[in-house]
Amino acid sequence: MGRPKELLWFVALQLLSICLGLYQIFKNWDVFVQQTGATLGSDAVQVIVAVSYGLLFILTFLIWNRNNIARWAYILIGLAGFLMGLGKLTGADAVSLFQTALSMATVVLLLLRPVRDWFATKDILDRPIL
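Heads up: the sequence shown is residues 57 to 186, going by the numbering used here.
Have a look at this one:
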């Protein structure tokens with residue numbers, strides 16, 4: 057059993073969401089640092105952004121390689137992020153709203169039956185890349 061198409065969609069939407077997030081951060085870098093880094097400083101904000109997006113890339117890679125723990129970690133982080141950001145959605149711009157919709161779509165894709173079935177089987181031909 058090969059990877060389900062829903063998993064391919066997950067990776068595509070996840071990468072698009074990451075690119076949009078990085079675009080938003082760098083487009084509004086001064087405002088972002090002012091809001092989040094007033095006590096931390098710009099260098100600390102850069103490290104936090106790098107670690108956060110690095111974690112998303114690692115989780116995506118592990119999910120692609122059938123790591124069920126990474127899948128559930130991503131689902132829980134995605135849902136927690138959505139719930140914490142609900143109050144900020146009212147004044148958000150279109151790109152932020154689209155990015156939030158993409159993030160929720162990736163969570164939903166990971167919960168669909170073909171993906172769940174793929175994670176439940178251990179096909180010898182579907183070995184991890186590394």
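The beta carbon of each residue, even a glycine, is placed where N, CA and C say it ideally should be.
Inter-residue Cα distance where the pair is residue i and residue j
i       : j       : result
Ile-125 : Ser-98  : 33 Å
Leu-166 : Gly-143 : 25 Å
Lys-178 : Arg-59  : 11 Å
Val-89  : Asp-149 : 18 Å
Leu-112 : Asn-121 : 14 Å
Gly-141 : Leu-153 : 11 Å
Arg-169 : Asn-123 : 16 Å
Thr-162 : Ala-68  : 9 Å
Beta-carbon gap between residue i and residue j smaller than 9 Å
i       : j       : result
Leu-158 : Leu-72  : yes
Gln-80  : Gln-155 : yes
Leu-115 : Ala-129 : yes
Ile-74  : Tyr-109 : yes
Phe-66  : Ile-119 : yes
Arg-127 : Val-171 : yes
Phe-175 : Met-160 : no
Leu-78  : Val-151 : no
Reference residue i; option with closest CA among the options
i      : options                 : result
Leu-63 : Phe-117, Cys-75, Gly-77 : Phe-117
Helix, strand or coil at residue i [DSSP, three-state]
i       : result
Leu-139 : helix
Pro-60  : coil
Lys-178 : coil
Asn-121 : coil
Leu-71  : helix
Asp-99  : helix
Asp-173 : helix
Leu-167 : helix
Thr-149 : Looking at the sequence provided, one finds Asp at residue 149 rather than Thr. It is coil, neither helix nor strand.
Cutoff 9 Å: residue i Cβ touching any chain C Cβ
i       : result
Leu-111 : Going by chain labels, chain C is absent from the structure shown, which holds only one protein chain.
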